[in-house]
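See structure below.
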Amino acid sequence: MSTIGAQDKSQMQQYIKALDKSLEDSQLNSSEKSTRSAFGHKSDEVMKQGLAVFKSAFSSMSSAAERYSEIESVATKQFTNGRELVANLVDNMITKDPRYQGLGSSNKNSLGDGISKLADFDAKFSFAMDQGDYIATSTTKLSQNTEHQKSAGLTGATQDKTASTRFNYKEGNRSDIPPDYYDKQENYTIGTAVKNNELVALDQAHEVDVDKKVYQFNPEISQYELKKELKETTTSESNIRLINDIWLEKNEDSHSMDERKRLSGVGATNEFRTTSSYSHTQLVTLIGDLDKLEQNKEAKREYLAVLSQVNNFMEKSK
């Protein structure tokens, strides 16, 4: 974990919820029986206790980074003039600007919109249950990485938040383990540009990928065969430019899903029912005094020049 950070209670609560959600996803998708996971009730409780200890340590490390930043005057000044300013500008736009539409995906961002003030980190929690023949494992990862940019009168920060969870089996007493797995990746990326202490660009992208396969054992061939599989991707993007009080926002949302389910029982022919779907929407919003640009060529040239500068800055910040 980085040693430079500030207090951010709402973001910390968001990360704690993301950890809880990841563990819940792993448990629910480890077994086809809705009443219990592949770990069993007792192991589920042990796993929850372990995650509670992990969350406590995670919170303590963030608090330690906050205290260190308060002690180190240089670090504090660097942070105050950088990420904290940008974070406050972004929060003000998201929560108070009536023109803001932002991420419109139906798949809610569990990592939290906006820039986190917490110290950057890379955390991992793993749990394994030895069931004799094989070992059931669950791994949850959570990370945050922030970078700062400065060029030709523009400053900004980009931040990447990621959460992932994976369930699968490892070898125990037997090598022919079930190849079942559940994998979920969630990523939220935000990029900004600030000029004269005003937010002139805000780019956000949120993506959730789910990949799941369930197998059944066929005693006739002594092998596992696919029972069902699912691949699903949900994405949402928002790109905002606010220059000379002209609001330009582009929003895109897409969702794709491919699912296969075996129609017959064990040992029967490989017949599957396949379900696929895809959707995509795009919206561009322009709000401002456009007549001013059409009637004043100098103002139009200035707007286009700044817009090009900001777009180049954002592109190089990726």
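Counting along the sequence shown from 1, when you hit position 183 you're at 183 in the numbering used here, and nothing is skipped either side.
The beta-carbon is built from N, C-alpha and C at its ideal position, and this holds for glycine as well.
Note that the structure is a prediction, hence the values are computed from the model and not measured.
Check, Outcome
"Runs of alpha helix (DSSP H) wholly within the segment 169 to 229 (minimum 4 residues, chain order)", "none"
"Simplified DSSP state of residue 262, which is helix, strand or coil", "strand"
"Cβ-heavy atom distance, residue 143 to the ligand SAH, below 8 Å", "Among the components of this structure there are no ligands whatsoever, and the ligand SAH is therefore not found."
"Rounded separation between residue 130 and residue 84 - CA only", "46 Å"
"Buried versus exposed, by CB contacts within 10 Å (16 or more), residue 235", "buried"
"Residue 325 in three-state terms, based on DSSP", "The structure shown does not extend to residue 325, since the chain is modelled only from 1 through 318, so no value can be given for it."
"For residue 116, three-class secondary structure by DSSP", "coil"
"Rounded separation between residue 282 and residue 9 - CA only", "34 Å"
"C-alpha distance - residue 292 paired with residue 303, whole-angstrom precision", "11 Å"
"Residue 280 and residue 308 closer than 9 Å at C-beta", "no"
"Helix, strand or coil at residue 50 [DSSP, three-state]", "helix"
"In DSSP terms, what residue 125 is bridged to", "140"
"Range of the contiguous beta strand (DSSP E) that encloses residue 283", "272 to 287"
"Enclosing alpha helix (DSSP H) for residue 19 [first to last residue]", "9 to 28"
"Which of helix, strand or coil DSSP assigns to residue 156", "strand"
"Boundaries (first-last residue) of the alpha helix (DSSP H) holding residue 377", "Residue 377 is absent from the model: the chain starts at 1 and stops at 318."
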